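Numbering (the working numbering), first residue to last: 9 to 430. Where is the CB? At the ideal position from N, CA and C, for every residue including glycine. Being a predicted model, the structure only gives us computed values, none of them experimental.
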Amino acid sequence: MGSYISIAECQARYNVVLNCTVDGKHTTTNGVDAVEAPFTRIGNYTKGQFPGDPDVAGIGILAVFIAVTSFAIAAGLLSFFWQLAKTWGWKMTYTEQQKAERHNQTSFSDILETLILACSDQQVFTGAAYALTLQFGKGCSISAYHYNIVANMMLLTCATHLISVTIVRNYWKFPWLALLRIACITFVFIATGLLMTNQNAGSPEPFPTGVPDANLTDSSIFLPAVCFQDGGPAAFSTFQEATSSAKTFFMDNLAKSTPRNKIQGWNLYIITLLFYGVAIIAELIRFFRRGRSRQGLRSRIANQFRRYCGLGTPVRKILQNVFLFYLAFGVGLSLAVIIISTQYIFSLRRWVDKSGWIELDNNNKNPENDATSFGQLVPLFSSAMILFSFAQIVSGAHALPSRSVASVKLTLDLRETQKPQA
Numbered sequence: 009m010g011s012y013i014s015i016a017e018c019q020a021r022y023n024v025v026l027n028c029t030v031d032g033k034h035t036t037t038n039g040v041d042a043v044e045a046p047f048t049r050i051g052n053y054t055k056g057q058f059p060g061d062p063d064v065a066g067i068g069i070l071a072v073f074i075a076v077t078s079f080a081i082a083a084g085l086l087s088f089f090w091q092l093a094k095t096w097g098w099k100m101t102y103t104e105q106q107k108a109e110r111h112n113q114t115s116f117s118d119i120l121e122t123l124i125l126a127c128s129d130q131q132v133f134t135g136a137a138y139a140l141t142l143q144f145g146k147g148c149s150i151s152a153y154h155y156n157i158v159a160n161m162m163l164l165t166c167a168t169h170l171i172s173v174t175i176v177r178n179y180w181k182f183p184w185l186a187l188l189r190i191a192c193i194t195f196v197f198i199a200t201g202l203l204m205t206n207q208n209a210g211s212p213e214p215f216p217t218g219v220p221d222a223n224l225t226d227s228s229i230f231l232p233a234v235c236f237q238d239g240g241p242a243a244f245s246t247f248q249e250a251t252s253s254a255k256t257f258f259m260d261n262l263a264k265s266t267p268r269n270k271i272q273g274w275n276l277y278i279i280t281l282l283f284y285g286v287a288i289i290a291e292l293i294r295f296f297r298r299g300r301s302r303q304g305l306r307s308r309i310a311n312q313f314r315r316y317c318g319l320g321t322p323v324r325k326i327l328q329n330v331f332l333f334y335l336a337f338g339v340g341l342s343l344a345v346i347i348i349s350t351q352y353i354f355s356l357r358r359w360v361d362k363s364g365w366i367e368l369d370n371n372n373k374n375p376e377n378d379a380t381s382f383g384q385l386v387p388l389f390s391s392a393m394i395l396f397s398f399a400q401i402v403s404g405a406h407a408l409p410s411r412s413v414a415s416v417k418l419t420l421d422l423r424e425t426q427k428p429q430a
């Protein structure tokens, strides 16, 4: 995950010798020598020699990440408006008997939630692969430019996972599968946090995360990311710094995203992380509320909930509106993440493309604008699994035998007899 890497460690453990120097216009200020633009060499590269990395910043891989996240958010928006229509009476809400009669029918919500889960599952493995590759494969070689791209791509995956945990009603239908998903998603959140906090390391030179001005063509962003990391554990110190006071947390971290260095997307990550914790708590409440057919504690809690919060009661109405606000905030937050992160990623790529530093391919084109590399095609085609998930739920619903109305009524009657007498 790029954590705790330093120049000395790269040389000692991996035999990688790094060049973190910049050559250009030399000036002396107060007896201190400084190098200013225009640069003639950045690290090991002169202008036109910086190697692109299509597997990280290629247009194909970025299109997959953004498309999958956008698709999940679009499905989340539809699900939110569907819930809004049911809560405010624009759509009929089924009774318990009607729900039981429609048990084997695939609802519109089921289709949307299956697609959202498929998006989350696809990105959890892709995101984990990027995190592990950055930790064990490219920790000493990835440039600060590509590091920024990966960090914001991981933030996009967090938005997708947040939508899945927030929107999907039956997330805990299969508890072991839900626990596995939560474990993998939590790993992705931790990996994303480590990526970003490493940009706040205590190195003498701040990590370059901002998009350079359009009139500039030189930047230290082409240097290896490890040049701006000191090998120390920056995660704990960054979180400690971010929460040192209310002013620091709200003004410096949430409003401006500036712990020590500016970390692009840090404020969005903090809000997303906090809301992810809220979503987990909300999912646990759902887990118990939907346990009426189970035995033991889940059944007792669910029956008490339905006793005091039954259909049409004032308490139920209040809780439904609170739940709507919860859904709206989750979808809105994910939407803000994809808009801001996508704008940042493509603004940074656009500047690099025009800077003249990137090495062109045999066709005299930027290799990162070619979507046909192997590393891009694999996630591109794997995203088609989302369509297979859609086809599976529709086909499976038609294949299931319908329960008879008599059987449904018998089940409901048995449930009524098992209820404790008031």
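Please name the residue in the options whose C-alpha comes closest to that of residue i.
| i | options | result |
| --- | --- | --- |
| residue 159 | 169, 170 and 135 | 135 |
| residue 221 | 262, 322, 363 and 122 | 363 |
| residue 218 | 195, 273 and 257 | 273 |
| residue 71 | 366, 372, 351 and 396 | 351 |
| residue 333 | 69, 36 and 95 | 95 |
| residue 377 | 386, 358 and 365 | 358 |
| residue 117 | 238, 197, 194 and 83 | 83 |
| residue 52 | 38, 161 and 24 | 24 |
| residue 348 | 293, 291, 275 and 323 | 275 |
| residue 161 | 197, 185 and 33 | 197 |
Quick one: residues in its chain with C-beta nearer than 6 Å to the C-beta of residue i, no 5 flanking neighbours on either side, listed in chain order?
| i | result |
| --- | --- |
| residue 375 | 60, 62 and 369 |
| residue 226 | 45, 46 and 47 |
| residue 49 | 31 |
| residue 409 | Residue placement at residue 409 is flagged as unreliable, the pLDDT there being 48, under the threshold of 50; the coordinate-derived value follows with that caveat. Cβ within range, chain order: n/a, list empty. |
Less than 7 Å separating the beta-carbons of residue i and residue j?
| i | j | result |
| --- | --- | --- |
| residue 269 | residue 232 | no |
| residue 81 | residue 342 | yes |
| residue 228 | residue 216 | yes |
| residue 391 | residue 130 | yes |
| residue 433 | residue 174 | Past the boundaries of the shown model lies residue 433; the chain is included only from 9 to 430, so the question cannot be answered. |
| residue 127 | residue 18 | no |
| residue 346 | residue 77 | yes |
| residue 75 | residue 139 | no |
| residue 58 | residue 278 | no |
| residue 26 | residue 13 | no |
| residue 22 | residue 170 | no |
| residue 88 | residue 330 | no |
| residue 151 | residue 230 | yes |
What does a CB cutoff of less than 7 Å around residue i pick up in its chain, not counting 5 residues either side in sequence?
| i | result |
| --- | --- |
| residue 388 | 68 and 72 |
| residue 271 | 204, 207, 208, 217 and 265 |
| residue 154 | 61, 64 and 65 |
| residue 384 | 62, 63, 66, 68 and 69 |
| residue 393 | 126 and 130 |
Looking only at its chain, what residues have a beta carbon closer than 8 Å to the beta carbon of residue i, apart from the 5 residues adjacent to it on each side?
| i | result |
| --- | --- |
| residue 415 | Residue placement at residue 415 cannot be trusted, given a pLDDT of 49 that sits under 50; the coordinates are not used to answer. |
| residue 337 | 283 |
| residue 263 | 275 |
I'd like to confirm something about residue i: is its beta-carbon nearer than 6 Å to some heavy atom of the ligand ZN, or not?
| i | result |
| --- | --- |
| residue 186 | This structure lacks the ligand ZN; in fact it carries no ligand of any kind. |
Counting pairs of Cβ atoms below 8 Å between the segment 174-188 and the segment 196-204, do you hit three or more? Taking one beta carbon from each stretch, the segment 174-188 and the segment 196-204 have fewer than 3 pairs nearer than 8 Å; the two do not touch.
Under 8 Å, with one C-beta from each stretch per pair, do the segment 155-168 and the segment 241-250 reach the 3-pair mark? no
Counting only runs of 4+ residues fully inside the segment 227-299, write out the alpha helix (DSSP H) ranges in chain order. 242-250 and 274-297
Would the segment 113-125 and the segment 389-402 be scored as touching if the rule is three or more Cβ pairs under 8 Å? Using a Cβ-Cβ distance cut-off of 8 Å, the segment 113-125 and the segment 389-402 are in contact, since at least three pairs of beta carbons, one from each stretch, lie closer than that value.
Identify every run of the beta strand (DSSP E) within the segment 33-94, keeping only runs that are complete inside it and at least 3 residues long; order them along the chain. 40-50
As an exercise, report each continuous alpha helix (DSSP H) stretch of at least 4 residues that is fully enclosed by the segment 147-183, in chain order. 152-175
So within the segment 355-407, which uninterrupted alpha helix (DSSP H) runs reach at least 4 residues, ignoring any that extend past its ends? 382-390 and 393-407
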